[in-house]
Structures are given as structure tokens and as C-alpha cells.
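Going by the working numbering, the sequence shown opens with residue 1, and the numbers climb by one from there. Where a beta carbon is used, it is the ideal one built from N, C-alpha and C, also for glycine. Bear in mind that the values here come from a model prediction, so they are computed numbers and not experimental data.
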Amino acid sequence: MTARTERKDTIADFLDGLDRIDLRGLSTFDSFDALMSGTAAHDVPGGGAKGDQLIVKGISLQDLSASDFLF
């Protein structure tokens with residue numbers, strides 16, 4: 001489930017190992033390494049436009065992997 005407000009998407013119910021975040025066609029990132037480079041402590045940037053954010057609640061950055069995303 002995502003909530004869209006002011007160029008910020010929040011996923012509040014992500015289930016690791018079950019859900020995948022589909023960034024196809026929505027992002028300039030084409031790999032997990034590109035997505036994760038320069039991330040803040042608890043936010044995962046997504047989208048391609050300056051200032052866009054994707055916040056995944058309830059999971060740490062260390063628990064996310066390439067298999068959690070579709071590029």
C-alpha cells in the first residue's frame with residue numbers, strides 16, 4: 001500500500017521476502033546499487049525527479065536486497 005503526497009511515496013506494509021517494489025518505468029535507477037548509493041539512514045530514495053522520495057516503513061536498509069525490487 002502506498003500513500004502519495006508531495007513527491008513522497010510511503011510503503012507502510014512491506015513484507016520482506018513476499019513483496020516487491022516495482023520501479024519499472026518510474027525511476028532512473030536501473031540497479032539496486034544505483035538505488036542505494038547515497039541513501040539516508042532510514043529512507044530509500046526512489047523516482048527520478050529531484051526531491052522524490054520512497055519511504056519503506058518497518059524494514060531496515062540492511063534487510064533490503066535487489067530481490068525486493070523490480071527495475
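- Its chain contains L35 as the residues whose beta carbon lies nearer than 6 Å to that of F29, once the 5 sequence neighbours on both sides are disregarded; these appear in chain order.
- Counting only the Cα atoms, S65 lies some 7 Å from F32.
- Secondary structure at D68: helix, using DSSP grouped into helix, strand and coil.
- With contacts defined by Cβ atoms closer than 7 Å, D9 and L54 form a contacting pair.
- The beta carbon of G58 sits closer than 8 Å to those of A12, D13 and F14, all from its chain and outside the five residues before and after it, given in chain order.
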